[in-house]
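J.: Let me give you the structure first, and then I'll get to my questions.
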Amino acid sequence: GLFKKFVLADLISSYTIAELPAGDTGVMELWLGLFAYSLYIYWDFSGYTDIALGVGRCIGLQLPENFDRPYSKSNLTDFWNSWHMSFSFWLRDYVFAPTNLAIGRRWLLPPMFAAVPALLLTMLLCGLWHGYAAGFLIWGMHHGVGLSGHRIYQRWIQKRLGRKRYRQLSKRRAYQRLGQLVTFIYVSVGWCWFVWPVDRALVGLARMVGLN
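Using the UniProt record's numbering, you'd call the opening residue of the sequence shown number 1 and step up by one each time.
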């Protein structure tokens, strides 16, 4: 934990998008700064968690792990099952699950259709938990849309291929690597809303995709 926080995170912190002007920076530099921030926030946050785990063990407390290699996951659902797990599991159990159940019962919706608004609301509240600012709300909705999209994709691909063929596909290394890449990029893009004000994030994202 000390190595993550005070060596890795501190070394990369000055190269992240938090230190770059959104409108006056090259496209490649912005993308590299974005990915650097993804690594920075993981090393910084998980480093603190590991320090707490280590201190707890020194005094006889067995605290639960809070991160499980989230950037190695091949979809956004698995990412959130591995990132800040104490908080994400709380959201799952006390916000998503009852909301999903209530929506399904109220409007007699099948689980898939009830899950989408439940996910959007859950991640909206997740964004609000981080701060009362538009950027955090957009960040939460970014992940709500991504989680909903993953659920819809899974249902579509399983219906198209069948469960057996989908399981075979999901075990292929190329499919897993592609999923890891897409997930990492999607999560990284979301950090723009987390670290920049909304107007700056809009300028930065437009520049990153060649619109500015």
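Here a beta-carbon is modelled for each residue, glycine too, at the ideal position from N, C-alpha and C.
(1) Pro-21: buried (16+ other C-beta within 10 angstroms of its C-beta) or exposed?
(2) Taking C-beta to C-beta, are His-150 and Trp-193 nearer than 8 Å?
(3) Might you give, ordered along the chain, the residues of its own chain that have their beta carbon closer than 8 Å to the beta carbon of Gln-158, omitting 5 neighbours on each side?
(4) Buried or exposed for Trp-83, please, with buried defined as at least 16 other CB atoms from any protein chain shown within 10 angstroms of its CB.
(5) Below 6 Å CB to CB, which residues in the same chain sit around Asp-68 once its five sequence neighbours on both sides are set aside?
(6) Run through the region 131 to 177 for me and flag every whole alpha helix (DSSP H) of 4 or more residues, listed as ranges in chain order.
(7) Among Gly-127, Phe-3 and Leu-32, whose alpha-carbon lies nearest the alpha-carbon of Tyr-15?
(8) Using three-state DSSP, classify Ile-59 as helix, strand or coil.
(9) Under 8 Å, do Leu-63 and Leu-76 count as touching if we go by C-beta distance?
(10) Considering only the beta carbon of each residue, do Pro-197 and Gly-135 sit closer than 8 Å?
(11) Count the other CB atoms, across all protein chains shown, that sit within 10 Å of the CB of Ile-59; report buried if there are 16 or more and exposed otherwise.
(12) Counting only the same chain and skipping the five closest in sequence on each side, list residues whose C-beta sits under 7 Å from that of Gly-179.
(13) Considering only their Cβ atoms, is the gap separating Gly-104 from Ala-114 smaller than 8 Å?
(14) Buried or exposed: Ala-102, going by 16 or more other Cβ atoms within 10 Å of its Cβ?
(15) Taking only the alpha-carbon atoms, compute the straight-line gap between Tyr-153 and Leu-147 and give it to the nearest angstrom.
(16) Any idea if Phe-89 is buried or exposed, counting beta-carbon neighbours within 10 angstroms, 16 or more meaning buried?
(17) Excluding the five sequence neighbours on either side, which residues of its own chain have a C-beta within less than 6 Å of the C-beta of Gly-144, listed in chain order?
(18) Apart from the five residues on each side of it in sequence, which residues of its chain come closer than 8 Å, Cβ to Cβ, to Met-85?
(19) What span of residues does the alpha helix (DSSP H) with Tyr-204 cover, start to end?
(20) Could you give the DSSP three-state label for Arg-105: helix, strand or coil?
(21) Could you tell me the boundaries of the alpha helix (DSSP H) in which Thr-77 lies?
(22) Going by Cα to Cα distance, which pick from Tyr-48, Ile-12 and Gly-56 is closest to Phe-35?
T.: Quick look at the numbers:
(1) exposed
(2) no
(3) Tyr-166
(4) It is buried - the Cβ of Trp-83 has at least 16 other Cβ atoms within 10 Å.
(5) Ser-82
(6) 134 to 161 and 163 to 170
(7) Leu-32
(8) coil
(9) Going by C-beta atoms, Leu-63 is not nearer than 8 Å to Leu-76.
(10) yes
(11) exposed
(12) Cβ neighbours of Gly-179 beyond the five flanking positions: Ser-74 and Asn-75.
(13) yes
(14) exposed
(15) 10 Å
(16) Phe-89 should be labelled exposed.
(17) Excluding the 5 residues flanking it on each side, Gly-144 has same chain C-beta neighbours closer than 6 Å at Leu-119, Leu-120 and Met-123, in chain order.
(18) Pro-64, Glu-65, Asn-66, Phe-67 and Asp-68
(19) Note that residue 204 corresponds to Gly in the displayed sequence, not to Tyr. Here the alpha helix (DSSP H) through Gly-204 covers 198 to 208.
(20) helix
(21) In the DSSP annotation of this structure, the continuous segment of the alpha helix (DSSP H) that includes Thr-77 starts and ends at 76 to 80.
(22) Ile-12
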